[in-house]
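J.: Once you've had a glance at the structure underneath, I'll fire off some questions.
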Amino acid sequence: MAGIINIGVSALNAFKRQMETTGHNIANVNTEGYSRQVVQLDARSPQIAAQGYIGSGVEVASIRRSYDNHLATRVRDYTASYEEFAVFEQRSRQIDNVLADSAAGIDNTLQQFFASVNDVADDPTSIPARSVMLNRANQLADRFNTLDGWLEDIRHQLNGDLEREVGEINSLAQSLASVNTRIGALNGTPGGVPNDILDERDKLIDDLSKYTNVSTLQQGDGSMNVFVGTGQALVVGGNYNTLAVTNNTQAADHKELVIRQSGGLTVNVTQQMTGGSLGGMLRFRDEVLDESQNALGRVAIGIASFFNAEHRTGMDLDGQLGGDFFSTASPEVLADPGNSGSIVVGFDDPANLKTHEYQLAYSGGSWTMTDLDSGGSVALSGTGTALDPLVADGMSIVVNAASNGDTYRLRPTRAGASALGLLVTNERDIAAAEAVRTQDLGSNSGTGHIGAGAQTSSTGTSLPATPITLTFDSALNQFTVSTGGTIAYVPASDTGSTLTVNIAGLGDFSFTMTGTPADGDQFQLSSNAGGVGDNRNARRLADLQSAKMMIGGTASFANTYGALIADVGTKTNQAASNASVQSHLLSQAEAAKSEVSGVNLDEEAADLVRFQQAYQAAAQVISVANTLFDSLLSAVRR
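Residues 8 to 645 in this note's numbering are what the sequence shown spells out, letter by letter.
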């Protein structure tokens, strides 16, 4: 009888444990990170009898989690990928929405400015038209300043978010190390490691995958080593390293990520922190925010540089040469704190400027330049002296002093938009007229004719005091310049060609010559002072709107700004597409994991009924055994 009772009792205990576990599953149906638990039953060792082995009941072998590590790893990988693309798309979208907006962007303001320049060209003596031009120019500068300030605000917010997320990662690392310590202490004990602690550990790792890529390696004591990014150790057993946000040694606004190991070693891991929201923010900064601010600055520098160059060649209403119309920035030079030399960086040709940043280094008696965007080497020409500066990608570099190990971070266009400003404040100072007028002298007998011409470079600040006469020598096929020098001109082949003469105190003046001058025919260049109705320079200023002077002479100002919008829009849409794909893959991976680990209330309810019936049946076994035992006692008493 004792054997039957013991079998019944073992069954009662086993089915009771199954109902408890099922109830635990039902209670945690909405607990995030919980894995369904299952009771594993084993038959007890049978007892030997003359007839063979007789069963002795059931026992609980273990209570295990329904958990698939491969599926969990897939969910973490897709989580990290989705978060990276989603954060990149969300942050890029806000820049795309503003830059491409007709009211907030540059396009309309730029068109309005050049429309006002055209109005001045149509009526160069009109003070109201000139006033509108200055107002539009000021609005253009303000728009560049505002957009640059807005991008700086985004950068400040981004740096704050980096600090916050690094703090979250460090908190998770500390918690993981603590859980690992508990797991290590419980490993090997009779009860083993509680499933709920394992769920707690895996939930922490799942949460970590939202911030960065995560990989794991289980140790012999059951604890889990956790690696982030491309393999940087974050948690090893009960120990953990911490991430920190630090300033770049050259650019304080360009934050770097370092990992501080328990031994005191600090390693820069910025390039290795991929995936997750942290990787998405770093990619957004490097691929969109920096590029956008640099590209906006390039447009501003191009407008200021080319407009200033043309404005300096003109003459204002008071007969004075034009000056710079806009203020513009110089390239940012960020020196390493350990440098002992110094350099001066300017613009060689704004048309060749790129939106990249560079690292300039001096070692072994020579300079090398690296493109920080592509990682490639940039060719340098020149020797670095004032007369022969180093030249690369639209920049000129004069070396005052250099020592081995000197490094500089160069940002040629970063400050362009913030530094753009209007320098001309008086309507009369707009240089709408050409500084020089040309004429054929009345005594000429040939068919030669000099065109109106235009000043092509400005090297001085004064109009020609006396007329400059060009006298043709038919024997030598050349003009003799009254201020010195000659200009070759072969009528048969050079008619319609452009000739250039240098005017002392003013600069180069170019003009077209047509026809065949007679020997001794003269042509005159003289000051255009008093020519207030002249609109030639205003017309050339207006023509800058459509001139292809940017990006190596292939794009206008509007095209260059359009390239910025297209670049941001393309990257944003690609990120949105990738985020959509990753979201779909993540949903599938989560569904597959849920099929294994998730709690299904219908299944648990069915199990609960099944285990209840089994429990009642086991109780009936004991009841039958008691009845048999009572019957036996009654028979003995007789």
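In this text, a Cβ means the ideal position worked out from N, Cα and C, and glycines have one as well.
Quick caveat: nothing in here was measured; it's all calculated off a predicted structure.
Any C-beta of chain D sitting closer than 7 angstroms to the C-beta of L154?
T.: You won't find chain D in this structure, because it holds only one protein chain.
J.: Assuming the contact rule is C-beta atoms closer than 8 angstroms, I204 and R150 should be a hit. Round their C-beta distance to whole Å, please.
T.: Between R150 and I204 the Cβ distance is about 58 angstroms, and since that is not below 8 angstroms, they are no contact.
J.: Using only CA atoms, which one of E27, N142 and N407 lies nearest to Q119?
T.: Selected option, being the one with the closest Cα: N142.
J.: Report all residues from its chain with a CB closer than 8 angstroms to the CB of F313; omit the five preceding and five following residues, and keep chain order.
T.: Around F313: P357, L551, A554 and M556.
J.: Return yes when the Cβ of A408 is within less than 7 angstroms of the Cβ of G345, no when it is not.
T.: No, they are not a contact pair.
J.: What whole-angstrom Cβ distance do Q44 and N194 have, given they're in contact under 8 angstroms?
T.: With 8 angstroms as the limit, Q44 and N194 do not qualify as a contact, their Cβ atoms being about 19 angstroms apart.
J.: Where does R444 fall in DSSP's three states?
T.: Residue state, collapsed to three classes: strand.
J.: If you follow the beta strand (DSSP E) that V265 is part of, which residue opens it and which one closes it?
T.: From DSSP, the beta strand (DSSP E) with V265 extends over K262 to R267.
J.: Taking buried to mean at least 16 other C-beta atoms within 10 Å of its own C-beta, is G571 buried or exposed?
T.: The sequence as given places Leu at residue 571; Gly does not occur at that position. Looking at its Cβ environment, which holds 16 or more other Cβ atoms inside 10 Å, L571 is buried.
J.: From N232, S590, E611 and P396, pick the residue whose C-alpha is nearest to that of V647; which is it?
T.: A query on residue 647 cannot be resolved here, the shown segment of the chain reaching from 8 to 645 and no further.
J.: When burial is assigned at 16 or more other CB atoms within 10 Å of the CB, is T60 buried or exposed?
T.: One point to set straight first is that residue 60 is Tyr, not Thr, in the sequence displayed. Y60 is exposed by the Cβ-count criterion.
J.: Tell me which residue opens and which closes the beta strand (DSSP E) that Q485 is part of.
T.: Where Q485 is concerned, the enclosing beta strand (DSSP E) stretches over Q485 to V488.
J.: Residue range of the alpha helix (DSSP H) that N115 falls in?
T.: D114 to D129 is the span of the alpha helix (DSSP H), which, as asked, contains N115.
J.: Quick one: grab the DSSP three-state call for E66.
T.: Strand at E66.
J.: For H456, write down the residues that DSSP places opposite it in a beta bridge.
T.: Partner(s): T521.
J.: Counting Cβ pairs closer than 8 angstroms, one from the stretch 418 to 432 and one from the stretch 294 to 304, do we hit at least three?
T.: Yes, since at least three Cβ pairs between the stretch 418 to 432 and the stretch 294 to 304 fall closer than 8 angstroms, the two stretches touch.
J.: Give every residue of the same chain whose Cβ lies closer than 6 angstroms to the Cβ of I11, excluding the five residues on either side of it in the sequence, and list them in chain order.
T.: Excluding positions up to five away in sequence, the list reads A632.
J.: Compare the beta carbon distance of E96 and T468 with 7 angstroms and say whether it is the shorter of the two.
T.: No; because the gap between Cβ atoms is not below 7 angstroms, this pair is not in contact.
J.: Could I get the ranges of all uninterrupted beta strand (DSSP E) runs contained in the stretch 468 to 508, with 3 residues as the minimum, in chain order?
T.: Segments of the beta strand (DSSP E) lying fully in the stretch 468 to 508: 475 to 480, 485 to 488 and 493 to 495.
J.: Taking all protein chains shown into account, decide if S284 is buried (16 or more other Cβ within 10 angstroms of its Cβ) or exposed.
T.: Buried is the call here.
J.: Distance, Cα to Cα, T577 vs Y415?
T.: Spanning the two alpha carbons is a distance of roughly 32 angstroms.
J.: Where A439 and L394 are concerned, what is the direct C-alpha to C-alpha distance, given to the nearest angstrom?
T.: So the alpha carbons of these two residues sit roughly 33 angstroms apart.
J.: Do Q531 and P474 have their CB atoms nearer than 7 angstroms?
T.: Yes; because the gap between Cβ atoms is below 7 angstroms, this pair is in contact.
J.: Between which residues of its own chain and D103 is the CB-CB distance below 7 angstroms, once the five residues before and five after are set aside?
T.: The answer, listed in chain order, is V575, G576 and T579.
J.: Would you say R100 touches the ligand ADP, meaning its beta carbon is less than 6 angstroms from a heavy atom?
T.: Absence of the ligand ADP is noted for the structure shown, with no ligands found whatsoever.
J.: Quick check on N194: does DSSP put it in helix, strand or coil?
T.: The answer is coil: DSSP assigns N194 none of H, G, I, E or B.
J.: In whole angstroms, give me the CA-to-CA distance for R171 and N585.
T.: Rounded to the nearest angstrom, the two C-alpha atoms are 26 angstroms apart.
J.: Under the three-state reduction of DSSP, which class applies to N407: helix, strand or coil?
T.: N407: strand per DSSP, three-state reduction.
J.: Specify the secondary structure class of Y369 as computed by DSSP and reduced to three states.
T.: DSSP places Y369 in strand when its eight states are reduced to three.
J.: For Y365, which option in S388, D355, P338 and S73 has the closest C-alpha, if you only look at C-alpha atoms?
T.: Closest option to Y365, Cα to Cα, is P338.
J.: Taking only three categories from DSSP, how would you classify A461?
T.: It is a strand residue.
J.: Classify G64 as buried or exposed, calling it buried when 16 or more other Cβ atoms lie within 10 Å of its own Cβ.
T.: Buried, by the Cβ-count rule.
J.: I think V105 touches G287, with their Cβ atoms under 8 angstroms apart; what is that distance to the nearest whole Å?
T.: Not confirmed; about 19 angstroms, so no contact.
J.: Can at least three beta-carbon pairs, one atom from the stretch 255 to 268 and one from the stretch 73 to 88, be found at a separation below 8 angstroms?
T.: Judged by Cβ distances under 8 angstroms, the stretch 255 to 268 makes no contact with the stretch 73 to 88, as fewer than three pairs qualify.
J.: Given this structure, state the Cα-to-Cα distance separating I494 from R162, to the nearest angstrom.
T.: Cα-Cα distance, rounded: 56 angstroms.
J.: Taking DSSP as the reference, what is the three-state secondary structure of I161?
T.: I161: helix per DSSP, three-state reduction.
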